[in-house]
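Colleague: Residue numbers (this note's numbering): 10 to 264. Attaching a single structure in structure tokens format; questions to follow.
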């Protein structure tokens, strides 16, 4: 199975707690709008829209907000014209970074992302420079507490999952993108309490970093996550629990 970065789990766990709630809902609404524009407003005929709506529900986004986002995507409500694109670059230590963007101003967003790379020891690259190191996957997260990991793994595999991994108390289940929804439904039908599900980009192999570049890379990843137009950040860096703990402590002391 593809490599797994613990930072991906950490940022998922802290998501709604650390992000401003309004900013989180804005990002979720953008995902819904773009999904509607890509394949229409019908939940029955648009699996990407179904996943985006489910992700919004998992984050307790109000149903009115979800409905407005669908209408904006369908053109029945006015809204900014959003572009969806991916930016690629290298972070400290040569780590590969993918940045998923939804923006109404490509040049503004490009400059913001470029500045983030430059200020944190990285560099923005050309299209295709690191994308080949990642592959699309569905990721379903289940709280590990109270779960029999081996039993859950068997249920997940029977449901069509490709891999199951433990990470900091959570259990992450990886699927083919188009199987994400079906696997989630099968798990829920089997009594498994699913916390969230989403489409992700997973590194094929991971890169171990020394302490200094690892801490620099974490600061860059955090800064990219903070940008309003950024909807997803993925890296092939492999951070040890000790490095993640130190980064967390430094971030707390800086507040």
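Cβ coordinates follow ideal geometry from the N, Cα and C atoms, glycine included.
What did DSSP end up calling residue 254 once you bin it into helix, strand or coil?
Modeller: Position 245 of the chain shown, counted from the first residue, corresponds to residue 254. Residue state, collapsed to three classes: helix.
Colleague: For the stretch 86 to 130, which segments carrying the beta strand (DSSP E) assignment without a break, of at least 3 residues, lie completely within its bounds, in sequence order?
Modeller: Correct list: 92 to 99 and 105 to 112.
Colleague: So that I know if they touch, is there some Cβ in chain C lying closer than 7 angstroms to that of residue 176?
Modeller: Absent from the structure: chain C. Only one protein chain is present.
Colleague: Evaluate residue 125 with the Cβ neighbour count: other Cβ atoms within 10 Å of its Cβ, from every protein chain shown; 16 or more gives buried, anything less gives exposed.
Modeller: As a first step, residue 125 is located in the chain shown; it is residue number 116 there, counting from the start. Buried is the call here.
Colleague: Do residue 147 and residue 214 have their C-beta atoms within less than 7 angstroms of each other?
Modeller: On the chain shown, residue 147 is found 138 positions in, with the first residue counted as 1. On the chain shown, residue 214 is found 205 positions in, with the first residue counted as 1. For residue 147 and residue 214, no; Cβs fall outside 7 angstroms.
Colleague: Quick one: what's residue 143 bridged to in DSSP?
Modeller: As a working mapping, residue 143 is identified with position 134 in the chain shown. In the DSSP output, where bridge partners are listed per residue, residue 143 has 212.
Colleague: What does the alpha-carbon distance come out to for the pair residue 121 and residue 108?
Modeller: Start at 1 with the first residue of the chain shown, and residue 121 comes out as number 112. Start at 1 with the first residue of the chain shown, and residue 108 comes out as number 99. Approximately 12 angstroms between the Cα atoms of the pair.
Colleague: With 16 other CB atoms within 10 Å as the buried threshold, where does residue 245 fall?
Modeller: The residue given as residue 245 occupies position 236 in the chain shown. Looking at its Cβ environment, which holds 16 or more other Cβ atoms inside 10 Å, residue 245 is buried.
Colleague: Express the C-alpha separation of residue 98 and residue 176 in angstroms, rounding to a whole number.
Modeller: For the purposes of this step, residue 176 is identified with residue 167 of the chain shown, where counting begins at 1. For the purposes of this step, residue 98 is identified with residue 89 of the chain shown, where counting begins at 1. So the two alpha carbons sit approximately 26 angstroms from each other.
Colleague: With distances taken Cα to Cα, identify the nearest neighbour of residue 43 among 33, 53, 57 and 34.
Modeller: As a first step, residue 43 must be located in the chain shown, where it is residue number 34. Nearest option by C-alpha distance: 57.
Colleague: Taking the alpha-carbon of residue 204 as reference, which of 145, 217 and 179 has the nearest alpha-carbon?
Modeller: In the chain shown, residue 204 corresponds to position 195, counting from 1. Minimum Cα distance to residue 204 is reached at 179.
Colleague: How big is the Cα-Cα spacing for residue 131 and residue 259?
Modeller: Here residue 131 refers to the residue found at position 122 of the chain shown. Here residue 259 refers to the residue found at position 250 of the chain shown. The alpha-carbon atoms of residue 131 and residue 259 are separated by roughly 20 angstroms.
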